[in-house]
Structure formats: C-alpha cells, structure tokens
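Trainee: Have a look at this one.
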Amino acid sequence: MSPNLVALLYLVAGVLFIMALRGLSSPESSRRGNLMGMLGMALAIVTTLAIARPSGNTWMLIIAGVVVGGGIGATIARRIPMTAMPQLVAAFHSLVGMAAVFVAAAALNAPAAFSLGTPGTIKLASLIEMSLGTAIGAITFTGSVVAFTKLQGLVSGAPVVFPMQHPLNALLGLTLVGLIVWFSGSESHVAFWAITFLAFLIGVLIIIPIGGADMPVVISMLNSYSGWAAAGIGFTLNNTALIITGALVGSSGAILSYIMCKGMNRSFFNVILGGFGGETAGPAAGAAEQRPVKQGSADDAGFILKNASRVIVVPGYGMAVAQAQHALREMSDELKKAGVEISYAIHPVAGRMPGHMNVLLAEANVPYDEVFELEDINNAFPQADVAYVIGANDVTNPAAKEDPQSPIYGMPVLEVWKAGTVMFVKRSLSSGYAGIDNSLFYRDNTMMLFGDAKKMTEEIVKAL
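Residue numbers (the numbering used here): 63 to 526.
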C-alpha cells in the first residue's frame, strides 16, 4: 500500500472520528455518531494491518485477539445496565492506559520491529514520547481502577485524606520528571520501569483523596489522560491514526473536564488536590435526622401533580440506582394526559459521569425537546407549580447560594426551591455524595417522599 493512500485512509478515519464526536454531542444524533466512530476505527485497523503485513503466526494472534476481545466487549455491552455505565467507562479507560504501557515496553525491547532503530540508537524524540506515553498511561490505569472501585461501591466513595498528601504527591511528580529525563538521556530499562511503577503509584494517590461528588470530573479527566497516552504512543509508533484519535479524545476530555468544573464553580486543580466536603460529612448527616420535615404520601403527591399546570422533573443518581427512569416516563405520560406541561432539568454533574442522566432518560424514550440543561431552565422554576426531585441531592442544595461557609458555596445549582411545591423523593435525610446536609429538606414548600425512587414513582402513577 502506497504512503499516499495510507495517509488518505488515515485522514478519512480522522474525519469520521470528528463526525462521531459531533454526532455524540446530541442525543438525537448519537446513534449516527457511534456508527461513524465504528466505521472510522474499522478503517484505521484495516489500514494499519495492510501496512504491517503480518506473518501467518502473527495473523493468528491478531484474529484471536479480535475474537476474544470483541466477544468480551459484545457480552459486556449486552449485559451492562445503564446505571453501571460510569464504572464501565472507568474500567475501559484503565485498559487504554495499560495498552499504552504495553506498547511502550514492547517498543523499548524490540525497537527494530517498531522502526525505531536498534537498542541504544532510539532517537531522543522517540524516547521522550515513549516515556510520556508510559507515564500518562500508567497513571490512567491505576487512577481508573480506583475510580471503578469507588463507583462500584467496592470501597467507600468518601475522600481518603492522608498526612502530607500534597507535598508527597509533589515530590513524586518531581521524581517522575527526573526519571523521564534520565530515561530520555540513557535509554535505561531500569529508568523505564521506575517510571512505570512510580506512575502506577501516583495514579492511586491522586484519585483516592477525591470524593464521590467529584466523580464526573474524574471520569472526564481520566478520559482525557487515556487520549494523551494514546497520542504519545502514536508518535512512538509513527501512526497518524493513533495520534489523531488520541488528540481528539484527549482534547475533548479536557474540554469536558473544564465544563464539569465550571458547573461546580471550582477549578480543575481544586478538584485534583483534595476531597469535596470530607470534613462535614459526619456531623451534617447526623444533624439532618433530628430536624422536622413535611412528609407526604404517593396519594398526596398524585393529587398535587394532577392539579399542577407545569412540573419540572429533576433526576439524579438516586433515580439511576433505583432504575426509576421508566416509571418516571410513565408518570410524565399520565400527567400529560391531564394537561400538565412536563420538563426535565439536568445539572452538568448529576450522576456519576458527564451525561449520565441524559443517557438514562434517553433509554426511557423521554422526548429530547423536554430535556433542558441548567442554564436553560433555571429561570423557569419560579413559574413551575411543582419541582419533582428524584434523587438529585447535592445539585439542588440551596447552601450553594445562601451559605458562604458551605463547601459547595458558589456552585451553580438547580434552584428548585423557587417552585410552588418541591417533592423530594429520597430514602432518608442522609447527606448526598458531597457529604453535606441539604437545607431544602426542611423548607416549608418541600414535601419529602421517603422510599425507593422507582416504587414511589410507581405508586404515584397508580394514584394518578
């Protein structure tokens, strides 16, 4: 295959990846975007294999890898519930990071196979690219594994703060830079593996102190890291498609991280350098149980909802855990029959990954034109008769607007308390993932509907 044809095919693949990202920016075009991405990846793989022209035994390994990997991926895709999508994304990020480490190790041990020369003659630029790709990939791997364990509930989602945390991380970061300089100047295998294992450690240490409330930022950040790791290895392999793909993933993940941080009124470094609300988690949650609230039943809720003119639904992680999106759609359909106008309000950090709520609502076939982002619907709450909050705790907390001492003060939130009546579906008065009490529970216009989100919504449907 001629170099010009290879360049053209890689360019087409790159264009398809860009079109995929464009399609994924909207639920209406996301299916087309996924198809574009799949087509681009298939084209890139076929082109790469045509260049490599592997031998018979190598072909067998490649086919075996595609069959086994594809089979595992297809099985996971068919079985994974939408509620577990955040931890699935974290797990996949870890695999991308480890792949970068494996490729760099293979290139170092067999440079001739990667057109990098012979041992001891690898160019300085390739050594720098290799070391950076390895470091970012190793950090991505262990960081994603820790994020997965938190999201899956295998370990606590609370921040884990240890003595001298920031100085230690800074020291390890400087040491990593020193090792990269050593490796780039010496091509030392000892330096390479020191970089790898130190980066593994750093990945654990920078994610463990981050609380569950910051997980949407962590997921998008690790997404960005995996892209830059792939791009670094793309330079090592001189593979244009890998460079383009990695740069697209890295830059889009970085932009998404910025959007998430803006949605929380926090800087990226503020998220990375510590836990969210860790100091207040215990006392706030304990105090919450002692204060009186106005409690209602499904029948009460059904009567108020049916007599409303406009209802704004605010979904959160509680809806995801209970898998209540289909019951919510059924409730909305019943209200529409009664002439009630329905809208859905989505906070950018609701759930455990960017777009988590949008995915769940799309699964329940909620019309796209009824779903609005925070900045588009916040002004509508004063005109709403009811705000139906189903598991969205931290992103509806008035403390973000009213309490300068609160850890979330200044964070943009959905101002549901401005609606005529707030119905809050929750199992208890416990704090959210940010670890702080929600004063919305105790407002005069708030009705607490205690119970499982799915069961409570189904009971309201019966009442309607």
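Glycine is no exception: its CB is placed at the ideal position from the N, C-alpha and C atoms. All values reported here derive from a predicted model rather than from experimental measurement.
On the premise that Ser-319 lies in contact with Ser-282, defined as a C-beta separation below 8 Å, what is that separation, rounded to the nearest angstrom?
Mentor: Here residue 282 refers to the residue found at position 220 of the sequence shown. Here residue 319 refers to the residue found at position 257 of the sequence shown. That belief holds up - the Cβ atoms of Ser-282 and Ser-319 are roughly 5 Å apart, short of 8 Å.
Trainee: Taking DSSP's pairing of strands, which residues face Met-485 in a bridge?
Mentor: The count along the sequence shown starts at 1 and reaches residue 485 at position 423. Per DSSP, Tyr-450 and Met-509.
Trainee: If you draw a straight line from the C-alpha of Met-381 to the C-alpha of Leu-213, how long is it?
Mentor: As a position in the sequence shown, residue 381 is number 319, starting the count at 1. As a position in the sequence shown, residue 213 is number 151, starting the count at 1. The straight-line gap from Cα to Cα measures roughly 15 Å.
Trainee: Rounded to the nearest angstrom, what separates Gln-445 and Ile-374 at their Cα positions?
Mentor: Here residue 445 refers to the residue found at position 383 of the sequence shown. Here residue 374 refers to the residue found at position 312 of the sequence shown. If I take the Cα positions, the gap works out to 10 Å.
Trainee: Count the other CB atoms, across all protein chains shown, that sit within 10 Å of the CB of Leu-71; report buried if there are 16 or more and exposed otherwise.
Mentor: Translated into positions along the sequence shown, residue 71 becomes position 9. Leu-71 should be labelled buried.
Trainee: Using the C-alpha atoms, what's the distance from Asp-438 back to Ala-400?
Mentor: As a position in the sequence shown, residue 400 is number 338, starting the count at 1. As a position in the sequence shown, residue 438 is number 376, starting the count at 1. Looking at the two C-alpha atoms, the distance is approximately 25 Å.
Trainee: Please state the DSSP three-state secondary structure of Ala-445.
Mentor: Working through the sequence shown from its first residue, we reach residue 445 at position 383. Reading off the sequence, residue 445 comes out as Gln, not Ala. Helix, per DSSP.
Trainee: Let me know the secondary structure DSSP gives Asp-471 once reduced to three states.
Mentor: Translated into positions along the sequence shown, residue 471 becomes position 409. According to the sequence shown, residue 471 is Tyr rather than Asp. Tyr-471 falls in the coil class under three-state DSSP.
Trainee: Between which two residues does the alpha helix (DSSP H) harbouring Tyr-406 extend?
Mentor: Within the sequence shown, the letter at position 344 stands for residue 406. Run containing Tyr-406: none in the alpha helix (DSSP H); it sits in the beta strand (DSSP E), 403-408.
Trainee: Kindly list the residues whose CB is nearer than 6 Å to the CB of Gly-344, restricted to its own chain and excluding five residues on each side of it in sequence; keep chain order.
Mentor: The count along the sequence shown starts at 1 and reaches residue 344 at position 282. With a pLDDT of only 35 at Gly-344, under 50, the local geometry of the prediction cannot be trusted, and the value read off the model is given with reservation. Excluding sequence neighbours, Gly-344 sits near nothing in its chain.
Trainee: May I ask you to report which of helix, strand or coil DSSP gives Ala-525?
Mentor: Within the sequence shown, the letter at position 463 stands for residue 525. Ala-525: helix per DSSP, three-state reduction.
Trainee: In angstroms with no decimal places, state the Cα-to-Cα distance between Thr-137 and Leu-238.
Mentor: Here the question's residue 137 lines up with position 75 in the sequence shown. Here the question's residue 238 lines up with position 176 in the sequence shown. Looking at the two C-alpha atoms, the distance is approximately 38 Å.
Trainee: If you check the beta carbons only, do Leu-26 and Tyr-406 fall under 9 Å apart?
Mentor: In the structure as shown, the chain starts at 63 and stops at 526, and residue 26 therefore has no counterpart that could be examined.
Trainee: Should the stretch 191-200 be regarded as contacting the stretch 259-268, the criterion being three or more beta carbon pairs within less than 8 Å?
Mentor: Yes, since at least three Cβ pairs between the stretch 191-200 and the stretch 259-268 fall closer than 8 Å, the two stretches touch.
Trainee: Beta-carbon of Gly-315 versus every beta-carbon of chain D: anything under 9 Å?
Mentor: Chain labels in this structure do not include chain D; a single protein chain is all it has.
Trainee: Does the Cβ of Asn-427 have 16 or more other Cβ atoms within 10 Å, making it buried, or fewer, making it exposed?
Mentor: Your numbering for residue 427 matches position 365 in the sequence shown. Asn-427 comes out exposed.
Trainee: Taking contact to mean at least 3 C-beta pairs separated by less than 8 Å, is the stretch 144-159 in contact with the stretch 176-184?
Mentor: Counting Cβ pairs under 8 Å, fewer than three are found: no touch.
Trainee: Which ranges would you report for the alpha helix (DSSP H) in the stretch 187-236 if only whole runs of at least 4 residues count?
Mentor: As far as the stretch 187-236 is concerned, it has no whole alpha helix (DSSP H) run of at least 4 residues.
Trainee: Give me, in chain order, the residues of the same chain whose beta-carbon lies closer than 7 Å to that of Ser-314; leave out the 5 immediate sequence neighbours on both sides.
Mentor: Your numbering for residue 314 matches position 252 in the sequence shown. The answer, listed in chain order, is Leu-83.
Trainee: Mind checking Leu-241: buried by the 16 CB within 10 Å criterion, or exposed?
Mentor: As a position in the sequence shown, residue 241 is number 179, starting the count at 1. So Leu-241 counts as buried.
Trainee: Under 9 Å, do Val-411 and Ser-371 count as touching if we go by C-beta distance?
Mentor: Your numbering for residue 411 matches position 349 in the sequence shown. Your numbering for residue 371 matches position 309 in the sequence shown. Against a cut-off of 9 Å, the Cβ pair of Ser-371 and Val-411 comes out as no contact.
Trainee: In this structure, does DSSP put Glu-435 in helix, strand or coil?
Mentor: Along the sequence shown, read from residue 1 onward, the residue named residue 435 stands at position 373. Strand.
Trainee: Tell me whether Ile-498 sits in a helix, a strand or coil according to DSSP, three-state version.
Mentor: Counted from its first residue, the sequence shown places residue 498 at position 436. Three-state DSSP puts Ile-498 in coil, outside helix and strand.
Trainee: Report yes or no: do the stretch 378-393 and the stretch 460-471 share at least 3 C-beta pairs separated by less than 8 Å?
Mentor: Touching, no, given that fewer than three Cβ pairs across the two stretches are closer than 8 Å.
Trainee: Around the C-beta of Arg-391, are 16 or more other C-beta atoms found within 10 angstroms, so that it is buried, or is it exposed?
Mentor: Taking the sequence shown and counting its residues from 1, the one referred to as residue 391 is at position 329. Classification of Arg-391: buried, given that the 10 Å Cβ count is 16 or more.
Trainee: Can you round the beta-carbon distance between Val-484 and Asn-507 to whole angstroms, since I take them to be within the 8 Å contact cut?
Mentor: Residue mapping note: residue 484 aligns to position 422 of the sequence shown, counting from 1. Residue mapping note: residue 507 aligns to position 445 of the sequence shown, counting from 1. That belief holds up - the Cβ atoms of Val-484 and Asn-507 are roughly 6 Å apart, short of 8 Å.
Trainee: Is it buried or exposed for Asp-456, if we count other Cβ within 10 angstroms and need 16 for buried?
Mentor: Looking up residue 456 in the sequence shown gives position 394. Answer is buried; the Cβ neighbour count reaches 16.
Trainee: Determine, using beta carbons only, whether Gly-205 and Val-280 come nearer to each other than 9 Å.
Mentor: The residue labelled residue 205 in the question sits at position 143 within the sequence shown. The residue labelled residue 280 in the question sits at position 218 within the sequence shown. Yes, they are a contact pair.
Trainee: Within 10 angstroms of the Cβ of His-418, are there 16 or more other Cβ atoms? Answer buried if so, exposed if not.
Mentor: Looking up residue 418 in the sequence shown gives position 356. His-418 should be labelled buried.
Trainee: Please work out which residues of its chain come closer than 8 Å, Cβ to Cβ, to Val-355, disregarding the five sequence neighbours upstream and downstream, and give them in chain order.
Mentor: Walking along the sequence shown from the start, residue 355 turns up at place 293. Excluding sequence neighbours, Val-355 sits near Leu-491, Phe-503, Tyr-504, Thr-508 and Met-510.
Trainee: For a minimum of 3 consecutive residues, which ranges assigned as the beta strand (DSSP E) are wholly contained in the stretch 363-398?
Mentor: Fully enclosed beta strand (DSSP E) runs of 3 or longer: 372-377.
Trainee: Buried or exposed, going by whether 16 or more other CB atoms sit within 10 Å of the CB of Asp-361?
Mentor: Within the sequence shown, the letter at position 299 stands for residue 361. Looking at its Cβ environment, which holds fewer than 16 other Cβ atoms inside 10 Å, Asp-361 is exposed.
Trainee: If Glu-191 and Phe-259 are in contact, beta carbons under 8 Å, what's the gap, nearest whole angstrom?
Mentor: By 1-based counting over the sequence shown, the position of residue 191 is 129. By 1-based counting over the sequence shown, the position of residue 259 is 197. Their Cβ separation, rounded to whole angstroms, is 20 Å, which puts Glu-191 and Phe-259 out of contact at 8 Å.
Trainee: Expressed to the nearest angstrom, what Euclidean distance is found between the alpha-carbon atoms of His-155 and Val-128?
Mentor: Position 93 of the sequence shown, counting from 1, holds the residue named residue 155. Position 66 of the sequence shown, counting from 1, holds the residue named residue 128. C-alpha separation (whole angstroms): 18 Å.
Trainee: Which one of Ile-522, Ile-268 and Ile-80 has the shortest CA to CA distance from Gly-358?
Mentor: Within the sequence shown, residue 358 is the residue found at index 296, counting from 1. The residue with the shortest Cα to Cα distance from Gly-358 is Ile-522.
Trainee: Suppose the cutoff is 7 Å on Cβ atoms and the five residues either side in sequence are ignored; what does the same chain contact list for Met-518 look like?
Mentor: For the purposes of this step, residue 518 is taken as residue 456 along the sequence shown, with counting starting at 1. So the list reads Ala-360, Val-487 and Leu-511, once near-sequence residues are dropped.
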